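Below: the structure, in structure tokens.
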Amino acid sequence: MVKLRLKRCGRKQRAVYRIVAIDVRSRREGKDLRKVGFYDPMKNQTYLNVPLILYFLEKGAQPTGTVQNLLKKAEVFKELPPNEMKFD
Numbered sequence: 001m002v003k004l005r006l007k008r009c010g011r012k013q014r015a016v017y018r019i020v021a022i023d024v025r026s027r028r029e030g031k032d033l034r035k036v037g038f039y040d041p042m043k044n045q046t047y048l049n050v051p052l053i054l055y056f057l058e059k060g061a062q063p064t065g066t067v068q069n070l071l072k073k074a075e076v077f078k079e080l081p082p083n084e085m086k087f088d
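The sequence shown begins at 1 in UniProt numbering and counts up one residue at a time.
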């Protein structure tokens, strides 16, 4: 199963996160399938590759709680058909 989750980057006390599609059995810092976005909580900046995120969501990828909140804020779920919005 594939999840969309945050992968920590940056230096000490200055975290920056990549939003990645990754297998659920992999560690947080493990090898990702694809980088689909970027999130900087200090500057409150977010970059999302929306077509790629929609592709993974349509194929059954599940976003984690934080990534789901970021996607809701960016209104990505409005671009999905209504029957595709089932999350665990």
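We put the CB at the ideal spot given by N, CA and C, even for glycine. If you're wondering where the values come from, they're calculated on a predicted model, not measured in any experiment.
Near the ligand SAM: residue i beta-carbon under 7 angstroms from a heavy atom
i   : result
N44 : By its list of ligands, the structure shown contains no ligand whatsoever, and the ligand SAM lies outside what it can speak to.
Cα-Cα separation between residue i and residue j, rounded to whole angstroms
i   : j   : result
A74 : G30 : 26 angstroms
R11 : I53 : 26 angstroms
P51 : K78 : 13 angstroms
Three-state secondary structure (DSSP) of residue i
i   : result
L33 : coil
Beta-carbon proximity of residue i to residue j, cut-off 8 angstroms
i   : j   : result
L48 : G37 : yes
L33 : A21 : yes
P63 : L4  : yes
L70 : T46 : yes
I19 : V67 : yes
Nearest residue (CA-CA) to residue i, options the options
i          : options          : result
Y39        : V2, K78 and Y17  : Y17
V2         : V24, R28 and T46 : V24
residue 89 : A21, D32 and N44 : Shown here, the chain extends from 1 to 88; a query on residue 89 therefore has no answer.
Strand pairing of residue i, partner residues [DSSP]
i   : result
F38 : R18 and Y47
G65 : Partner(s): none; G65 has no beta bridge.
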